[in-house]
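Residue numbers (our numbering), protein chains in the order written: chain G, 1 to 175; chain E, 1 to 175.
Here is the structure we will look at.
Right, here's the structure in full:
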């Protein structure tokens, strides 16, 4: 990720990122949610949260939460995500970088929804902090245009952005 | 709100509810975000969070966050919200109750989007915990159909639900 100064940093994993994104993913039929962090302590934290809800006390207290959090897989890098998908027998996904700032070669969500309708695997990349590092955009197959509200202000949380994108790309919204 | 057993309870105010919903509201041009809780300590907590970002250190650290959190107003009840709106010179809003379970007299988001396009004030009611109390549905002018993903699973966080509803009702999504 980038920090506010534009340096490449590893952002913290937030408990509610896991819950909100997993719950939205489960609702929209997303196959897996990868949490990517190179920080060992953040990986351990994320794994502890997931374990609590998937196999721990939380799974009995709230089975619906288990159904969501079992979609979560934790990896140290994007390469790790692609390797894990391959090991699980998935075809190599097209990668889609998301951003809050308009960029060259951006496609809009309707265009992407059409592409995804073929059923080929797509890996949607969302960042926290001040956004994804430049190298992610360089290597991504597609860059999705920013989610625009009705004004210039555009500072959604990654939880909100993921939820809106799932609804736009996977929802059956106009029926 | 209701708890898992169906009793009427006051749910806790979560820090990220304030941030995520205010940021999404600001992005989509929502005029105000009311946090309603009858619990004095929860009100104080919410006010402290908002003050930190609107007038405290947070407002200098992250002015964009201030622009969002200054939309937040804290009230003890729905009646308090309506009184506050009236005192601020707003016309009486139509109230729209939201739910994760299909109910009678529900309208879909496209129908509601059309009604809202007139510019009349609408007050969207979202619940935490196990949803809004029955009396809210009885008194609401409209009940919005649940957000449906592609499967039966439907357990979005209030943060995700608010973000998706703003995008569906206020977004310029199909352009």
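Backbone N, C-alpha and C define an ideal beta-carbon position, used for all residues, glycine too.
All figures in this text were calculated on a predicted structure; none of them were measured in a lab.
Residue nearest to residue i in terms of C-alpha spacing, selected from the options
i, options, result
"residue 98 of chain E", "E/136, E/117, E/70 and E/42", "E/136"
"residue 30 of chain G", "G/120, G/141 and G/145", "G/120"
"residue 108 of chain E", "E/164, E/155, E/146 and E/21", "E/146"
"residue 88 of chain G", "G/127, G/27, G/113 and G/32", "G/32"
"residue 50 of chain G", "G/167, G/18, G/115 and G/41", "G/18"
"residue 183 of chain G", "G/69, G/156 and G/76", "It is not possible to answer for residue 183 of chain G, since the shown part of chain G is limited to 1 through 175."
"residue 178 of chain G", "G/153, G/161, G/24 and G/36", "Residue numbering for chain G in the displayed model covers 1 to 175; residue 178 of chain G lies beyond these limits and cannot be assessed."
"residue 101 of chain E", "E/111, E/85 and E/126", "E/126"
"residue 138 of chain E", "E/103, E/111 and E/150", "E/103"
"residue 7 of chain E", "E/78, E/134 and E/115", "E/134"
"residue 73 of chain E", "E/110, E/65 and E/22", "E/22"
"residue 81 of chain G", "G/160, G/105, G/12 and G/38", "G/38"
"residue 140 of chain E", "E/48, E/106, E/58 and E/59", "E/106"
"residue 122 of chain E", "E/152, E/169, E/9 and E/3", "E/169"
"residue 124 of chain E", "E/96, E/114 and E/91", "E/96"
"residue 153 of chain E", "G/14, G/2 and G/28", "G/28"
"residue 115 of chain E", "E/94, E/61 and E/132", "E/94"
"residue 10 of chain E", "E/26, E/92 and E/42", "E/42"
"residue 67 of chain G", "G/2, G/167, G/130 and G/26", "G/26"
"residue 71 of chain E", "E/166, E/58 and E/54", "E/54"
"residue 162 of chain G", "G/12, G/3, G/2 and G/20", "G/20"
Buried or exposed (CB count within 10 angstroms, at least 16 for buried), residue i
i, result
"residue 148 of chain G", "buried"
"residue 171 of chain E", "buried"
"residue 164 of chain G", "buried"
"residue 44 of chain E", "exposed"
"residue 143 of chain E", "buried"
"residue 5 of chain E", "exposed"
"residue 40 of chain G", "exposed"
"residue 175 of chain E", "No answer about residue 175 of chain E holds up, because its pLDDT of 39 lies below 50 and its placement is not dependable."
"residue 83 of chain G", "exposed"
"residue 159 of chain E", "buried"
"residue 24 of chain G", "buried"
"residue 110 of chain G", "exposed"
"residue 69 of chain G", "buried"
"residue 14 of chain G", "buried"
"residue 167 of chain E", "buried"
Range of the contiguous beta strand (DSSP E) that encloses residue i
i, result
"residue 143 of chain E", "142-144"
"residue 94 of chain G", "94-98"
"residue 125 of chain E", "122-125"
C-beta neighbour in chain E for residue i, strict 7 Å
i, result
"residue 160 of chain G", "yes"
"residue 3 of chain G", "no"
"residue 26 of chain G", "yes"
"residue 155 of chain G", "yes"
"residue 11 of chain G", "no"
"residue 57 of chain G", "no"
"residue 23 of chain G", "yes"
"residue 72 of chain G", "no"
"residue 6 of chain G", "no"
"residue 89 of chain G", "no"
"residue 167 of chain G", "yes"
"residue 29 of chain G", "yes"
Those residues which DSSP pairs with residue i across a bridge
i, result
"residue 75 of chain G", "G/36"
"residue 8 of chain G", "G/2"
"residue 147 of chain E", "Bridge partners of residue 147 of chain E: none, in fact."
"residue 119 of chain E", "The partner list for residue 119 of chain E (beta bridge, DSSP) is empty, contrary to what the question assumes."
"residue 106 of chain G", "G/143"
Start and end residues, alpha helix (DSSP H) containing residue i
i, result
"residue 69 of chain E", "63-69"
"residue 109 of chain E", "109-116"
"residue 55 of chain G", "Looking at the DSSP string, residue 55 of chain G is not in any alpha helix (DSSP H), and its letter there is neither H nor E."
"residue 159 of chain E", "158-170"
"residue 128 of chain E", "Here residue 128 of chain E belongs to no alpha helix (DSSP H), and DSSP marks it neither H nor E."
"residue 17 of chain E", "15-27"
Cutoff 7 Å: residue i Cβ touching any chain G Cβ
i, result
"residue 64 of chain E", "yes"
"residue 150 of chain E", "yes"
"residue 164 of chain E", "yes"
"residue 141 of chain E", "no"
"residue 16 of chain E", "yes"
Min CB distance residue i to chain B below 7 Å
i, result
"residue 20 of chain E", "In the structure shown, chain B cannot be found, because the protein chains are G and E."
Cβ-heavy atom distance, residue i to the ligand SAH, below 6 Å
i, result
"residue 81 of chain G", "The ligand SAH is absent from the structure shown, which contains no ligand whatsoever."
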